[in-house]
Amino acid sequence: MKAEIKRALIDGGIIEMDGVSVITEERDILCAIERIERVVRKVVGTADILFSLERKTMKLAKAPPVMVSTHVGKLVLGALKTDFYKMKKYFPCHVLNPYVDAFIRRVKKFKLKAEFNSAPFETVEQSVKVFNCFVGSLRKRVLSDKFKKKINSYNHTSNKNFKGMREYINALFERYARLLVVRVDLSYENKYCGSYKSAEGIACEQVRVHRERLLYDLKNKLFSDSMVGYVWKLEYGLSKGYHYHLLVFFDGSLVREDETLAFMIGRHWREVVSDNKGIFHNCNAEKEGYRKIGFGIGIGMINHDDYILRKNLERAAAYLTKTDYYIRTVIPDNGRTFGKGGKPKPKNDRRGRPRKATAVA
1 MKAEIKRALI DGGIIEMDGV SVITEERDIL CAIERIERVV RKVVGTADIL
51 FSLERKTMKL AKAPPVMVST HVGKLVLGAL KTDFYKMKKY FPCHVLNPYV
101 DAFIRRVKKF KLKAEFNSAP FETVEQSVKV FNCFVGSLRK RVLSDKFKKK
151 INSYNHTSNK NFKGMREYIN ALFERYARLL VVRVDLSYEN KYCGSYKSAE
201 GIACEQVRVH RERLLYDLKN KLFSDSMVGY VWKLEYGLSK GYHYHLLVFF
251 DGSLVREDET LAFMIGRHWR EVVSDNKGIF HNCNAEKEGY RKIGFGIGIG
301 MINHDDYILR KNLERAAAYL TKTDYYIRTV IPDNGRTFGK GGKPKPKNDR
351 RGRPRKATAV A
């Protein structure tokens, strides 16, 4: 699961422009965030001294001392090359994973970024001392009881959302023999994105109105007989602006052609809801791509007793909540960034053999 969450995180730095996938600078920043979290865990996973002095004797004279780094020490130095200014620029309304936040705060405290990227320390001895003090401070913070409470609190929201979403999907399968699952990513043309809190782009409040209008139209106009549920996630990035990841569930006994349904949702978003300011990505048109990269197909037609496809669906759904482990969008006025439909009502007709339970745990 963690590898898939990492991939979902990094895929957040790719945008679609005229049918072509474009890698943005945000992708590098997202990779750096994942790398820093991993490095901090390695740092606190060992009590070793990561930086030391080494003097080599030459034939005619004594060589100057050099700094020697352990493997983990080299990872720390690599993490320090992160452009933290760009991180703040591209993700201005976000909360970082506490491991990453602790690292950045100590970079600022020890002024390592300025020293590391411009002038070297006056002596090698000073470099070793400062880097080891940095590591010691980081370990002290991350191993503290206060930090453990912070990381547990931080993880609570994404874990709660994931658990609630999984229960919701299981409830849909309890009600319907098969579901047709559609995923569409909804965003806006680049010229309407603007910067965070600027007057240039579409405001967060308008984005909320668009989402509510879309869901209303889907449930009451386009698919009033066949749509049975939905899950949505709102995110923000400088290149993409505000954008939604949307899963829609249909009664599989009533509809087919998931690619067509996804296209209809995207077209309605673009032409009706957003007044031709929106764009969309039809994930169902790329199902085979998911199979080729080894993540399985978690969208399309799924029978209630197909454990493998339901597990793949759970992985696909995890994309919507678990990436919050690394970085989380914060909406003005504590606005919602995640939502789902209400649990379905049980069938009135209980005749026939009871269905065997196949809930994915």
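Residue numbers for the sequence shown follow UniProt numbering, so the first one is 1 and each next one is one higher. By construction, the Cβ of each residue, glycine as well, lies at the ideal position given by its N, Cα and C atoms.
Check                                                                                                                                                                                 : Outcome
Can you check DSSP and say which residues form a bridge with residue 329?                                                                                                             : 94
Just to confirm my understanding: we take residue 143, look at its own chain, exclude 5 residues before and 5 after, and list those with CB closer than 8 Å. What are they?           : 44
Indicate whether the contact test is met: 3 or more Cβ pairs, each with one atom in the stretch 229 to 244 and one in the stretch 143 to 159, closer than 8 Å.                        : no
Suppose the cutoff is 6 Å on Cβ atoms and the five residues either side in sequence are ignored; what does the same chain contact list for residue 343 look like?                     : 171
Find the nearest neighbour of residue 314 within the set 188, 258, 173 and 345, judged by alpha-carbon distance.                                                                      : 173
Give the single residue among 317, 346 and 213 whose Cα lies nearest to the Cα of residue 275.                                                                                        : 213
Assuming residue 246 contacts residue 186 under a Cβ cut-off of 8 Å, what Cβ separation, rounded to an integer in Å, is found between them?                                           : 6 Å
Using DSSP with H/G/I as helix, E/B as strand and the rest coil, what is residue 119?                                                                                                 : Summary for residue 119: the model assigns pLDDT 44, below 50, so the residue's position carries little reliability; its value from the coordinates is reported in the next sentence. Three-state DSSP puts residue 119 in coil, outside helix and strand.
Measuring only the C-alpha atoms, how far is residue 347 from residue 177?                                                                                                            : 11 Å
Label residue 107 either buried or exposed according to how many other C-beta atoms from any shown protein chain fall within 10 Å of its C-beta, with 16 as the threshold for buried. : buried
Using 8 Å for Cβ pairs, my map puts residue 252 next to residue 309. What's the rounded Cβ distance?                                                                                  : Their Cβ separation, rounded to whole angstroms, is 12 Å, which puts residue 252 and residue 309 out of contact at 8 Å.
Using the beta-carbon count (16 or more within 10 Å), is residue 218 buried or exposed?                                                                                               : buried
Which residues share a DSSP beta bridge with residue 281?                                                                                                                             : 185
Does DSSP put residue 33 in a helix, in a strand, or in coil?                                                                                                                         : helix
Pull up the distance between the alpha-carbon of residue 41 and that of residue 65, whole angstroms please.                                                                           : 30 Å
Quick one: using the 10 Å Cβ neighbour count with 16 as the cut-off for buried, is residue 168 buried or exposed?                                                                     : buried
Is residue 303 helix, strand or coil by DSSP?                                                                                                                                         : strand
With contact counted as at least three CB pairs below 8 Å, one residue from each stretch, are the stretch 217 to 235 and the stretch 257 to 268 in contact?                           : yes
State the CB to CB distance for the pair residue 141 and residue 102, rounded to an integer number of angstroms; the pair is presumed to be in contact (CB under 8 Å).                : 5 Å
Residue 199 by DSSP, collapsed to three states: which one?                                                                                                                            : Low confidence applies to residue 199: its pLDDT is 47, below 50, so where it sits in the model is not reliable enough to give any reading.
Let's test the definition: count the other Cβ atoms within 10 Å of the Cβ of residue 71 and tell me whether it reaches 16, buried, or not, exposed.                                   : exposed
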